[in-house]
DNA sequence: CCTGTGCGTCAGTGGACGCTAACGTAAGGA
DNA sequence: TCCTTACGTTAGCGTCCACTGACGCACAGG
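Chains as they are written, first to last, in my numbering: chain R, 1184 to 1292; chain U, 1184 to 1292.
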């Protein structure tokens, strides 16, 4: 999960993921979408994303086609989900506590 | 969202979030949980988490009590969720395509 | 007022990260 | 075989980040 978080922490890499989310694109086409970054930099980003399990690579002649691999974000997604569930759990427990102590309920954000 | 991702990209900061997820703790108690990191470092992490909106701070005398603020992860959570939905969407579209072209359906992982 | 406690903050440092330019490699086409 | 296309890889550089030690500040007690 650590590698996945670090991967999507970079804005350019999130943009790459967005580009290949629904379509399979060759490295060159991906790099062409960025004006302020050179091709080698994109190539390195692709490598990071690939090693984090967020990208799938397929070769076709001299080209390499990339595509998002959403399952790679599964662990991170579950981590956040757990956090969310815990939040509801805490709110529920506090509500019970408030009722029993007769506070009636404070402001809930 | 950028600040939230960067905040949870650091393992120590995720550990801090875990500590104050269900309980409110003073800065000192949080720092005491870490053996290989000094108190100032933790203080800086608390600052990062706070500015990212992932932590709530409350003062009590000389102490500062911290507590997780899960809503701060909302944007990131929705971002991943959208990714997930898109994934299902793509799978659905491909299934349709496969049916029409009579491929029958490949391996769906 | 002085001391102790609980924290935040600042300056400085080592290491990691993103970037570019140059180079290396593999697959066609003439 | 030579050239071109489409990439990845490497060396080097500037910048950012996490960390530590020293210091500053606010609050409580005597």
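Glycine included, each C-beta is placed from N, C-alpha and C at the ideal position.
Separation of residue 1238/U and residue 1205/U (C-alpha to C-alpha, rounded to the nearest whole angstrom) is 12 Å. Against chain U, a Cβ distance below 9 Å from residue 1220/R picks out nothing, because the smallest value is about 17 Å.
When the beta-carbon positions are compared, residue 1199/U and residue 1188/U stay at least 7 Å from each other.
Restricting attention to beta strand (DSSP E) runs no shorter than 3 residues, the stretch 1209-1240 of chain U encloses none.
Proximity of residue 1209/U to chain R, defined by a Cβ-Cβ separation below 7 Å, is not satisfied. Residue 1240/U places its beta carbon 7 Å or farther from that of residue 1246/U.
Here residue 1248/U really is in contact with residue 1207/U; their C-beta atoms are around 5 Å apart, less than 8 Å.
Residue-level contact by beta carbon fails for residue 1238/R and chain U, as no gap is shorter than 7 Å. The continuous stretches of alpha helix (DSSP H) do not include residue 1251/R, which lies in the beta strand (DSSP E) extending over residues 1246-1251. DSSP, read as helix, strand or coil, puts residue 1204/R in coil.
Among the bridge pairs identified by DSSP, residue 1242/U is matched with 1247/U. Relative to residue 1190/U, the option among 1216/U, 1267/U, 1254/U, 1229/U whose CA is nearest is 1229/U. Excluding its 5 nearest sequence neighbours in each direction, residue 1256/R has C-beta neighbours in its own chain below 7 Å: 1187, 1237, listed in chain order. Taking C-beta atoms as the reference points, residue 1184/R and residue 1258/R count as a pair closer than 7 Å. Between the alpha carbons of residue 1253/R and residue 1220/U lies a distance of about 34 Å.
Residues of chain R with a Cβ closer than 8 Å to the Cβ of residue 1263/U are, in chain order, 1256, 1259, 1260, 1263. Annotation for residue 1216/U: 1202 place their beta carbon closer than 7 Å to its own, counting only its chain and skipping 5 residues before and after.
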